[in-house]
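Here the structure comes first, spelled out in structure tokens, and everything after it is commentary.
Number of protein chains: 2
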Amino acid sequence: MRELWIELGERSYPIIIGDGLLNRLPQALSDRGMGTDGDLFIITDENIAPHYLSGLEAALKEQGYTVNSFVVPGGESSKSLKWYENIMTEAIQLGLDRKSVVIALGGGVVGDLAGFVAATYMRGVRFVQVPTTILAHDSSVGGKVAVNHPLAKNMIGAFHQPELVLYDTATLLTLSDREIRSGLAEVIKHGLIWDEAFLNWCDEHADALLKLDAESLSYALYRGCEVKASVVSQDEKEAGLRAILNLGHTIGHALEAVAGYGELLHGEAISIGMVGSARLAEELGYPATIVERTQSILERYGLPVRIPKHLDTDAIMAAMMRDKKFKSGQMNFVVPVEIGKVEIQTGISPTLVRSIVDDLKGEV
Amino acid sequence: MRELWIELGERSYPIIIGDGLLNRLPQALSDRGMGTDGDLFIITDENIAPHYLSGLEAALKEQGYTVNSFVVPGGESSKSLKWYENIMTEAIQLGLDRKSVVIALGGGVVGDLAGFVAATYMRGVRFVQVPTTILAHDSSVGGKVAVNHPLAKNMIGAFHQPELVLYDTATLLTLSDREIRSGLAEVIKHGLIWDEAFLNWCDEHADALLKLDAESLSYALYRGCEVKASVVSQDEKEAGLRAILNLGHTIGHALEAVAGYGELLHGEAISIGMVGSARLAEELGYPATIVERTQSILERYGLPVRIPKHLDTDAIMAAMMRDKKFKSGQMNFVVPVEIGKVEIQTGISPTLVRSIVDDLKGEV
């Protein structure tokens with residue numbers, strides 16, 4: 126079992142990672158000052174609920190907790206104002222008060238949605254995350270919570286730190302191969318932006334991680350969270366440094382939008398985006414070895430490194446220009462300047478970006 | 126012109142109060158670091174817009190600001206998730222980004238709604254309040270923002286401090302007599318809970334305040350904000366002390382709910398509630414002079430001090446028991462223990478409260 130303390134002054138909290146931890150949730154809640162006087166409200170989705178919900182509820186009730194739960198449909202469409210309102214209605218009807226604790230049991234969608242409920246129910250109640258995907262290691266640090274607007278993702282949200290993150294690596298065994306690879310893309314990203322030694326470790330432990338070896342997975346999630354925490358603790362409200370976490374996300378978000386959410390998983394899209402950023406670095410005069418290293422580790426994890434040919438270049442460019450990071454026509458990019466170090470480069474010409482997009486399609 | 130600095134660490138902000146200040150908004154924005162690189166988004170209602178919106182927009186545009194506005198219907202019904210979503214849609218379509226500033230031009234409803242938009246648009250943008258009612262002096266301190274849920278008021282919200290509050294007492298001249306009296310009830314409350322000398326001043330200046338004498342009004346708003354700020358700065362997130370601001374609100378909210386919103390204005394309802402709290406204090410052994418003093422100053426301002434006979438006692442009691450302050454069946458009340466000082470009393474018997482409600486109806 127590993128414990129990582131996210132240092133954010135009075136909003137500090139622990140991330141506890143290990144194999145078979147789910148049944149420790151009652152004790153962990155109690156250790157963090159969330160006793161049985163506060164009602165628990167578990168928010169999960171219909172994919173996760175059949176595996177873990179009834180067991181978790183039983184374990185909590187046995188320790189004297191009052192437990193209610195709300196199950197949303199699986200997938201991104203639940204991260205909407207409509208489901209947010211449905212959950213709020215249920216919370217009010219249940220009579221939940223300010224002592225209540227919202228628990229997110231699931232991946233990033235459930236975490237974001239439940240977190241926004243916790244951030245705004247009665248102006249904020251306590252929040253606990255129980256992630257069940259690898260990708261969620263990324264969203265379990267940073268306090269970003271949100272729902273989507275039909276016109277754009279994550280436009281409605283808040284910063285709301287959890288009191289506790291409990292990460293049971295055993296819950297990851299139900300993930301598909303593709304979800305595992307996609308989730309590990311964010312782990313690799315944390316190596317690329319911050320820590321070459323960790324990237325090397327990821328390279329050496331690729332087989333173990335892809336097989337979900339509990340010990341390797343526990344360390345990878347721990348170190349991924351730790352890197353993100355190092356960045357976030359220096360920039361809690363996203364004023365500057367935090368932007369480096371977006372390596373690969375500018376192209377990645379555009380690909381997700383153009384492909385239609387679901388065709389490319391998030392990690393797959395940012396995998397391609399990270400190769401694009403490395404290509405951009407090369408064009409800007411940084412060593413070509415960055416491209417080779419980025420591409421080889423992603424390929425080792427079976428992640429895509431080229432843009433699917435049927436995606437329209439104009440549409441990809443248009444999606445990037447709409448991205449909130451390109452206000453006022455300026456294009457900013459996070460680019461790797463060496464392995465384990467990135468910088469934000471401003472004033473990138475759209476023509477250059479377009480040539481890289483074309484290139485990433487042509488080389489398939 | 127008076128300036129009061131609300132001290133909340135890095136979230137500190139000034140409240141500027143004076144006669145004819147509206148045209149100083151461009152300068153005040155600039156002084157607070159909100160330059161023309163951030164788009165302004167004014168949220169107001171259809172009662173206020175005809176008086177001030179076009180003039181304010183023109184003054185801001187003249188100084189180089191990009192200004193957009195959104196007009197909601199007047200009244201409490203605009204403080205809904207539906208209008209919140211409409212405003213979010215407009216903000217996204219306008220392409221507002223994180224540098225944008227949301228300006229609330231109006232009373233408490235507009236302030237709460239616009240504040241919740243500012244708290245959650247792209248996870249939070251800057252917020253400025255331009256209150257146009259006396260009552261809004263109360264909501265301009267404390268950072269509480271919210272929308273209503275059909276099942277209960279203010280259930281969905283956040284804490285989001287403004288960067289600036291600009292209070293032009295000239296905008297109060299369009300208020301009706303009843304709105305003026307109702308607004309002054311919260312001013313009097315601040316005297317009752319915190320400052321006997323200020324209560325005496327309110328007594329002496331009743332005629333001037335009711336006539337909206339600019340100098341008296343400016344001081345009353347200043348001191349009212351200052352009292353509230355003293356309480357809030359010791360308890361920003363409403364953990365304890367801040368509850369004393371609810372003097373009169375427990376009975377008051379129940380009366381508003383039972384009468385149907387609109388029959389009793391908020392200040393009228395809490396006026397009756399404050400007399401009820403004083404009666405409760407008397408029953409608990411505190412001097413009867415508290416009741417006399419409370420009642421006489423409220424009567425002096427033409428505020429109601431008795432519960433309208435047609436309101437059903439059972440319904441009033443039921444509304445109070447539903448109130449979030451009475452979880453677990455315990456009744457807590459803010460009671461005046463002397464003039465200018467209140468305490469939170471727990472374990473009040475519902476039977477005693479009921480006898481006071483009956484009493485307040487019977488003595489009409």
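Going down the list, the protein sequences come from chains A and B.
Numbering-wise (the numbering used here), the first sequence opens with residue 126 and increments by one.
Numbering-wise (the numbering used here), the second sequence opens with residue 126 and increments by one.
Yeah, the Cβ is synthetic: ideal placement off N, Cα and C, and Gly gets one too.
Quantities reported herein were computed from a predicted structural model and do not represent experimental measurements.
Provide the residue span of the alpha helix (DSSP H) that contains residue i, from first to last.
i        : result
A:Ala406 : 391 to 408
B:Leu495 : Absent from the model: residue 495 of chain B. The displayed extent of chain B is 126 to 489, so no value can be given.
B:Ala79  : With chain B running from 126 to 489 in the structure shown, residue 79 of chain B is simply not present.
A:Thr470 : The amino acid occupying residue 470 of chain A in the given sequence is Gln; Thr does not appear at that position. Counting along the chain, A:Gln470 falls outside any alpha helix (DSSP H), though it belongs to the beta strand (DSSP E) covering 466 to 470.
B:Asp360 : It is not in any alpha helix (DSSP H) - B:Asp360 carries neither H nor E in the DSSP assignment.
B:Ala271 : Segment 269 to 274 is the beta strand (DSSP E) holding B:Ala271; no alpha helix (DSSP H) there.
B:Arg418 : 414 to 425
According to the neighbour-count rule (16 or more other Cβ atoms, all chains shown, within 10 Å of its Cβ), is residue i buried or exposed?
i        : result
B:Ser202 : exposed
A:His435 : exposed
A:Met159 : buried
A:Lys207 : exposed
B:Asp437 : exposed
A:Ala271 : buried
A:Arg418 : buried
B:Leu276 : exposed
B:Gly236 : buried
B:Glu311 : buried
B:Trp319 : buried
A:Asp302 : exposed
B:Glu393 : buried
B:Glu381 : buried
A:Met445 : buried
A:Pro175 : exposed
Flag residue i as yes if its beta-carbon sits less than 9 angstroms from any beta-carbon of chain A, otherwise no.
i        : result
B:Ile473 : no
B:Leu276 : yes
B:Lys269 : yes
B:Gln254 : no
B:Glu381 : no
B:Leu206 : yes
For the beta strand (DSSP E) containing residue i, list its first residue and its last residue.
i        : result
B:Asp263 : Segment 261 to 264 is the alpha helix (DSSP H) holding B:Asp263; no beta strand (DSSP E) there.
B:Thr169 : 165 to 170
B:Val242 : From DSSP, B:Val242 is part of no beta strand (DSSP E) but of the alpha helix (DSSP H) over 233 to 245.
A:Gly143 : 138 to 143
A:Val192 : 192 to 197
B:Arg127 : 127 to 131
A:Asn279 : 277 to 284
Residue i and residue j: beta carbons closer than 9 angstroms?
i        : j        : result
B:Tyr411 : A:Ile281 : no
B:Gly199 : B:Ile173 : yes
B:Gly349 : B:Gly377 : no
B:Leu178 : B:Leu291 : no
A:Leu298 : A:Ile142 : no
A:Pro139 : A:Leu129 : yes
A:Leu165 : A:Asn193 : yes
A:Ser343 : A:Leu428 : no
A:Gly373 : A:Val459 : yes
Can you grab the Cα-Cα spacing for the pair residue i / residue j, in whole Å?
i        : j        : result
A:Ala354 : B:Ile432 : 56 angstroms
A:Leu477 : A:Ala368 : 21 angstroms
B:His249 : B:Val242 : The amino acid occupying residue 249 of chain B in the given sequence is Gly; His does not appear at that position. C-alpha separation (whole angstroms): 8 angstroms.
B:Trp326 : B:Ile469 : 26 angstroms
B:Val356 : A:Val400 : 54 angstroms
B:Leu185 : B:Leu366 : 39 angstroms
A:Pro287 : A:Pro256 : 12 angstroms
A:Thr161 : A:Ile167 : 14 angstroms
A:Asn273 : B:Ala322 : 51 angstroms
B:Val253 : A:Leu150 : 42 angstroms
B:Asp439 : B:Asp483 : 10 angstroms
B:Glu187 : B:Lys224 : 20 angstroms
B:His285 : A:Asp338 : 44 angstroms
A:Ala333 : A:Leu309 : 12 angstroms
A:Val416 : A:Ile259 : 25 angstroms
B:Leu133 : B:Gly267 : 10 angstroms
B:Ser264 : B:Gly233 : 6 angstroms
Hey, is residue i's beta-carbon within less than 9 angstroms of any beta-carbon in chain B?
i        : result
A:Gly158 : no
A:Val152 : Correcting the residue identity first, residue 152 of chain A is Gln in this sequence and not Val. For A:Gln152, the answer is no, since every Cβ of chain B falls outside 9 angstroms of its Cβ.
A:Met247 : yes
A:Val489 : Low local confidence applies: a pLDDT of 43 at A:Val489 is under 50, so the model's placement there is unreliable, and no value is given.
A:Phe284 : yes
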